[in-house]
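Everything in the sequence shown is counted per UniProt numbering, starting at 1 for the first residue and increasing by one. C-beta: ideal position from N, C-alpha, C; glycine also. Just so we're clear, the structure is a prediction, and the values are computed from it rather than from any experiment. Single-structure report; data block below.
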Amino acid sequence: MAGSENGTGTGVADGTGTGVADGGGQAGKDGGNRAGGGPLEWLALARGTLDRASDRRTDDAFLDAAWNDPRSRVLVVRDGQVNAVLGADPALVLLPTGEAPPGDRYFLGVDADAAGGGDGTAYFAVAAPLPSVEGAEPVGLRRVGALLPDRDSGLMTHAVSLEHWHATHGHCPRCGGETEIRQAGHVRHCPNDGSDHFPRLDPAVIMLVTDQDDRLLLARGPQWPADRRSVLAGFVEPGESLEQAVAREVREEVGLTVRDVRYLGSQPWPLPQSLMVGFSAVADGSEPLVPDPVEIRDAAWFTRDELTEAMASGRIVAPGPLSIAAQLIMRWYGGPLPKMPPF
Ligand SMILES: [Zn+2]
């Protein structure tokens, strides 16, 4: 079945969405993950630092006071885009609330931690056309999600996720009536039948499949450029566990049976509404690969030396560091990949 980070319904995970870049991009700020037995350590879209303060979403007095606090900041979001300043230190454009355009407000949280740290700043998103800001430009998560600092990456991921959900769930799935925003942007309510509706996610599994010789399985989706390869991925189906989804997807896409399915990490992937859940699994590399003719253009095993050579020569392009796919591959590889796309 379908599903992956590229959002086109193919069975392999796209890392970058567009284009081919050389230029030796970095695997995020710290060079990505290292090989080993632990979980993934750095995931571009799983770095949020705010206390979401979900108990405040129904506290109108708090929300009003926070909105009127001159320290509070607003991220304007429209169609998955926000204003950001790029350059050496990319950052979101965060406006004082008095400068925010009119639009639906989402409370994103406060800069605070359980130990009493943080400066207490409250953050909101407003869904509205992006204002023109000197020195800034509209950008999406694919462009800046891996480049922003932790707080900003989390703010943008949260805001983009909510904005897409509100934009596409304006009607009640029970009665078809128009729904209203509630709980500071985290619920939609149907006044006709009283039902509440919560932001939806489409969980997808993504698998680092290796064999008994520690070779890595990479595949190419049918719509991809000839040099693009990634790990297998697919949507979780109703009534199945994540581990069952891993086994089913690998069986469907390349005809292999996996064992030792282990969780490695997850990150939101609001492009538009997935949660990517990463696993490792082991398959028998002596068994024939039988690619699904619809979802997989080709699939092959790689040693580290073979992958190094293929990437260095430009024959194969890896996913960019935004994706969990890239972090999974780097975990196996043992560090940043040669010639990674910059984002
Ligand atoms: Zn309804």
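For G48, same chain residues with a beta-carbon under 6 Å away, outside a window of 5 residues either side, are G154 in chain order. Taking C-beta atoms as the reference points, A128 and V76 count as a pair closer than 8 Å. Between the segment 204-221 and the segment 331-340 there are three or more inter-stretch CB-CB distances shorter than 8 Å, so the stretches are counted as touching. Under DSSP, L95 forms a beta bridge with V74. The Cβ atoms of L45 and P268 sit closer than 8 Å to each other. Straight-line measurement puts the Cα of S72 at about 50 Å from the Cα of V294. A straight line joining the alpha-carbon of T257 with that of H158 spans about 36 Å. The beta carbon of L275 sits closer than 8 Å to the beta carbons of L201, D202, P203, A204, S266, Q267, P268 and W269 from its chain, once the five residues preceding and following it are set aside; these are given in chain order. Around R52, the same chain offers G109 as residues with beta carbons nearer than 6 Å, after the five sequence neighbours per side are excluded. Given a length threshold of 3 residues, each whole run of the beta strand (DSSP E) inside the segment 136-219 is given here in chain order: 137-139, 180-182, 187-189 and 202-210. With contacts defined by Cβ atoms closer than 8 Å, P319 and A312 do not form a contacting pair.
Relative to Y123, the option among L63, G87 and R228 whose CA is nearest is L63.
Close CB contacts of R229 within its chain, under the 6 Å cut and outside five residues either way in sequence, are with L218, R220 and I316 (chain order).
If you look at W269, you'll find it in the beta strand (DSSP E) that goes V258 to W269. A Cβ-Cβ distance of about 4 Å is found for the pair Q183 and R57, placing them in contact under the 8 Å criterion.
Annotation for V282: no alpha helix (DSSP H) segment contains it, though the beta strand (DSSP E) segment containing it runs S274 to A283. Between L322 and F343, the gap from beta carbon to beta carbon is short of 8 Å. When C-alpha distances from G278 are compared across V290, G80, A299 and F235, the shortest belongs to F235.
Assignment of S54 by DSSP, reduced to helix, strand and coil, places it in the helix class. Boundaries of the alpha helix (DSSP H) harbouring R304: R304 to A312, taken from the DSSP string. Taking each of A247, T210 and A299 in turn and checking the Cα distance to A226, the smallest one comes out for A299.
Membership of F62 in the alpha helix (DSSP H) is indicated by the continuous run D60 to N68. Contact annotation: V254 and E243 have beta-carbon atoms that are not nearer than 8 Å. Per DSSP, reduced to three states, the secondary structure at R105 is strand.
Beta-bridge pairing by DSSP links Q81 to R78.
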